[in-house]
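Residues in the sequence shown are numbered consecutively from 418, following the working numbering. The structure appears right after this line, and notes come after that.
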Amino acid sequence: MPTHIANAGIIGKPPTNLGLVGYWSMNEGTGSYAGDASGNKNTGTLTGGPTWVDGKRGKALNFDGVDDYVNAGSAASVTDLPAITVSAWIFPRIAGENNRGRIVCKATDCTSVLNNGWYFGIAGSNLGLQFAVDYSTNFNWPSVDNVISLGKWQHVAVTWNGNTSVANAQIYVNGVAVSRSGGSDGSDTRTSDSGKSLIIGECASSTCAFNGLIDEVRIYNRALSAAEIQALYKSGAATVGTINTANTSRITYNTASSAGSGTYGGTTSGVALSWSHTTGNGNNKILVVGVSINRANNETVSSVTYGKLPLTKLTSVATPPSAGSIDTELWYLKNPPSGIANIVVTPSAAVWGIAGTAATYFNVHQSSPFKTPSTQVNDANMINNVNPASKLGWLAIGVFGRRRNNSDNAVTLDSSQVSRATGDSLNSLGSGERNTAILSEKVATSSATFIWTWGVNTQNAGIGVSLQPAKITALNTSQNNQITNGLVGMWSFNGPDMSGATAYDRSGQGNNGTLTNGPTPAIGKVGQALKFDGVDDYVNVGDPASGNLDFGTGGFSVSVWVISRGYANIGSSMNTIIGKQQVTSTGWGIYINADNKARFNVLGAGLPNSAISNSAINNGQWHQIVGVRQDNGSVKIYVDGVYNADGTATTNSVSNALPLYIGNDNYSGSARVFSGFIDEVRVYNRALTEAEIKRLYNMGR
């Protein structure tokens, strides 16, 4: 297996690659191929029509339980493995065809008998799992019963050290080893699976079709340890890029009969509200505490702590102007420690009543967790807007409290536009005189509106804010599964997407590139990039027989991140970032001009139609360049997510028989080679919208 160099700019396939011989992430999201990210080129062909859907991590494949499967071939890298580990995320709807939904099979037949190979899958109406290996006189199978749950995601795995017996095979569900409940161990001679196709979602006899979703399939040529299986489970168990919440808690203190005098429990020194809260485990956490106080005069909250750690008040929220009303405040703590500790709320003076609530959110932007909050509303029906910048993962938070018991109180948040997230229900303010709540709603549009409806004879206050999701970081997050509609070429140059001199195309179209004359890996804009020396380096993608990089008279788009070291005058007035053209032939490409401005060329019938950026890009910084030809022939160039310029429109065909080069084109040898860094190259067979271009930019910056 190829060796990948690891450094700060390389994205690894978590959590281990040692012995990985096949890895189908199913993140293509389009097309008829499932790429193998192990580097062993075991590309899977979608057969029978499995469909791309949202998965456990990125995308997954949906198998209909009739005739859908993926055929990954019978290459030497997956043949007669000395030991075996199979790992996958599955979402079964039923047990599968004939109650034998195969997850992975490499054998001649694996129905009621097994010939020449092995399989791993669901076994029986009792929803068990079974791993079977064929031996010369019989096939032998350790199995576990009643471990599969229908209609939900679960991680399943099996490990076997390849011994003459399968007695030491171990099956895992959600990272935990499960005890065997049946099967045979065997001790005969294992038969060869040479020449047998590795099939995902079915068996070779087409009688064991899986019914449901399969994602993140991995095969190793060794038996992984229990710790490694647990790490595989954990790597897929967390939701990435979406704000979520867990562990809400709430408490209320009401004053005694002496409340009118502004005392609490007969004292005049105020009261510290205290309750325990568990933050839980997760990344990019934020603890949000909402406090409502029924003020005798103008009391506020002096401090809020979690254990010994002080929280910060969201100071941009207005304080009620008058005494004798409800004040609701929001306090927060970035990345609180995992575990349980007391939250202590200390008012500035004695109050008539106090209530507190807390919730921990994960995957929240740590430097700017809150978008501009709404002002506080008090003692009246009121509409207040909350405006997330994007619908991608934003969460709107309502923090509010009330003094008097009245069933007419209600708060909604554009209920037709949102889906309920974890948290208190929208009408759960409680029946006591003093209460507070934090309600969470996942926003499905770019803006939302809280509608606060107070009942009669009540005193209330409310705050609306929105949390910003954690920014995608370049060091550990691949973007391969983002904006995939119409994607016909995707070269990320990340560690998992490279093998020796091959740059894999992760669009699912199989347009792999060959590194020529030595472009070298380097820290990229997102993960890893390629460095081009400006002398003779380039990547040769070729001219695919499918013609999927020739767009005729239709629309198409090209997106790329670059650091240009400046125009290199070695025989042409342009240097090529990506090009499928010569001088006067039909074709297209993105270039650096002699004045160091970016150019998007569209050539039809030998006529160049170019859009040229407004400013030079040779400042040693990463820049995103996107060229778009609309279906109507309009030619546009975008730099760093922003429209820059138009070119002359053309609807002439751009198709040709020339190879696609990255870092060069087909003009006069090395006269147009590029000097600098190239990353995240994408080609689409359609015109991207401005919103999509901006999103691509934000994904990389």
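Yeah, the Cβ is synthetic: ideal placement off N, Cα and C, and Gly gets one too. Only a predicted model underlies this, so the values are computations on that prediction, with no experimental measurement involved.
* DSSP three-state assignment for TYR1114, whether helix, strand or coil -> Look at TYR1114 here: in three-state DSSP terms it is helix.
* To do: Please confirm if the region 1070-1077 is in contact with the region 994-1005, defined as three or more CB-CB distances below 8 Å between the two stretches.
  => Touching, yes, given that three or more Cβ pairs across the two stretches are closer than 8 Å.
* To do: Spell out the partners DSSP gives HIS572 in its beta bridges.
  => TRP506, per the DSSP bridge assignment.
* If we ignore side chains and look at the alpha-carbon of each, how far apart do TYR486 and ASN516 end up? -> If you take the alpha carbons of TYR486 and ASN516, they lie about 16 Å apart.
* Taking DSSP as the reference, what is the three-state secondary structure of GLU1097? -> Strand at GLU1097.
* To do: Please determine, among ASP914, ALA1066, SER981 and ILE743, the residue with the shortest C-alpha to C-alpha distance to GLY879.
  => Of the candidates ASP914, ALA1066, SER981 and ILE743, the one whose C-alpha sits nearest the C-alpha of GLY879 is ILE743.
* **3 or more residues per run - each beta strand (DSSP E) lying fully within the region 1031-1099** => Inside the region 1031-1099, DSSP marks whole beta strand (DSSP E) runs of 3 or more residues at positions 1040-1046, 1052-1056, 1059-1064 and 1077-1079, from first to last along the chain.
* Assumed close pair ASN1010, TYR984 - CB separation to whole angstroms, cut-off 8 Å -> The pair is a contact, with the Cβ atoms about 7 Å apart (cut-off 8 Å).
* CB-CB under 7 Å to ASN488, same chain, minus the five flanking residues each way: which ones, in chain order? -> Excluding residues within five positions, the ones whose Cβ falls inside 7 Å are GLY461, THR462, THR464, SER614 and ILE616.
* Please report the Cβ distance between LEU966 and VAL1045, rounded to the nearest whole angstrom; I am assuming they are in contact, meaning their Cβ atoms lie under 8 Å. => Not a contact, Cβ separation roughly 16 Å.
* Asked: Would you say ASN628 and ASP471 are within 8 Å of each other, going by their C-beta atoms?
  -> No, Cβ-Cβ distance for ASN628 and ASP471 is not below 8 Å.
* Asked: In terms of residue numbering, what span does the beta strand (DSSP E) encompassing ASN1010 cover?
  -> That run of the beta strand (DSSP E) goes 1004-1010.
* To do: Mind listing, in chain order, the continuous beta strand (DSSP E) runs of no fewer than 3 residues lying wholly within the region 517-545?
  => Correct list: 519-523 and 535-540.
* Nearest candidate by alpha-carbon position, reference ASN911, set LEU904, SER924 and ALA946 -> Here the closest residue by C-alpha is ALA946.
* Which partner residues of ILE616 appear in the DSSP bridge assignment? -> ASN488 and CYS522, per the DSSP bridge assignment.
* Asked: Would you call ASN434 buried or exposed, if buried means 16 or more other Cβ atoms sit within 10 Å of its Cβ?
  -> Counting C-beta atoms within 10 angstroms of its own C-beta, ASN434 has 16 or more neighbours from the protein chains shown and is therefore classed as buried.
* Asked: What residues are listed by DSSP as bridge partners for LEU904?
  -> In the DSSP output, where bridge partners are listed per residue, LEU904 has TYR1101.
* HIS694: first and last residue of the uninterrupted beta strand (DSSP E) it sits in -> Taken as a continuous stretch (DSSP letters only), the beta strand (DSSP E) holding HIS694 covers 690-695.
* To do: Could you give the DSSP three-state label for SER1119: helix, strand or coil?
  => The first residue shown for the chain is 418 and the last is 1118, placing residue 1119 beyond what the model contains.
* **Pair within 8 Å by beta-carbon distance, SER442 and GLY475** => Cβ distance < 8 Å, so SER442 and GLY475 count as in contact.
* To do: Select from ASP484, VAL781, VAL761 and GLU633 the residue whose C-alpha is nearest the C-alpha of CYS625.
  => Nearest of ASP484, VAL781, VAL761 and GLU633 to CYS625, Cα basis: ASP484.
* Asked: Comparing the C-beta of LYS458 with each C-beta of chain D, is any distance below 8 Å?
  -> Absent from the structure: chain D. Only one protein chain is present.
* To do: List the whole-angstrom C-beta distance separating THR502 from ALA574, where the pair is believed to meet the contact cut-off of C-beta under 8 Å.
  => The C-beta separation of THR502 from ALA574 comes to about 7 Å, placing the pair in contact by the 8 Å criterion.
* N-terminal and C-terminal residue of the beta strand (DSSP E) that ASP954 is part of -> ASP954 -> no beta strand (DSSP E), and no H or E assigned at all.
* Cut-off 6 Å between Cβ atoms - residues of its own chain near PHE1091, not counting five sequence neighbours on either side -> Excluding sequence neighbours, PHE1091 sits near PHE949, ASN992, THR993, ILE994 and GLY1080.
* Asked: Beta carbon of ALA1066, beta carbon of GLY1050: below 8 Å?
  -> Contact flag set, yes.
* Check whether the Cβ of ILE507 lies closer than 7 Å to any heavy atom of the ligand ADP, and answer yes or no. => No copy of the ligand ADP appears in this structure; indeed no ligand is present at all.
* **Member of GLU619, ARG597 and SER494 whose CA lies at the smallest distance from the CA of VAL521** => Nearest C-alpha to VAL521: GLU619.
* Asked: Tell me the DSSP bridge mates of SER916?
  -> Per DSSP, THR919.
* Per-residue burial, SER376 [other beta carbons within 10 Å of its own, 16 or more giving buried] -> No information on residue 376 is available, as it lies outside the stretch 418 to 1118 that the chain covers here.
* May I have the straight-line CA-CA distance separating ASP960 from VAL1059, to the nearest angstrom? => Between ASP960 and VAL1059, the alpha-carbon positions lie close to 31 Å from each other.
* To do: Whole angstroms is fine: what's the gap from ALA1007's alpha carbon to TYR440's?
  => The sequence shown places Ile at residue 1007, rather than the Ala named in the question. So the alpha carbons of these two residues sit roughly 33 Å apart.
* To do: Compare the Cα-Cα distances from VAL943 to each of GLY972, VAL977 and ALA920 and report the closest residue.
  => Among GLY972, VAL977 and ALA920, the Cα nearest to that of VAL943 is on VAL977.
* Hey, quick one: how far does the beta strand (DSSP E) through ASN1164 stretch, first residue to last? -> Limits of the chain in this structure are 418 at one end and 1118 at the other, which puts residue 1164 out of reach.
* If you run the structure through DSSP and keep just helix, strand and coil, what is SER981? -> Residue state for SER981 is assigned as strand, using DSSP reduced to three classes.
* For ALA643, count neighbouring Cβ atoms within 10 angstroms of its own Cβ and tell me buried if that reaches 16, exposed if not. => Of the residues assessed, ALA643 falls on the exposed side of the cut-off, its CB having fewer than 16 other CB atoms within 10 angstroms.
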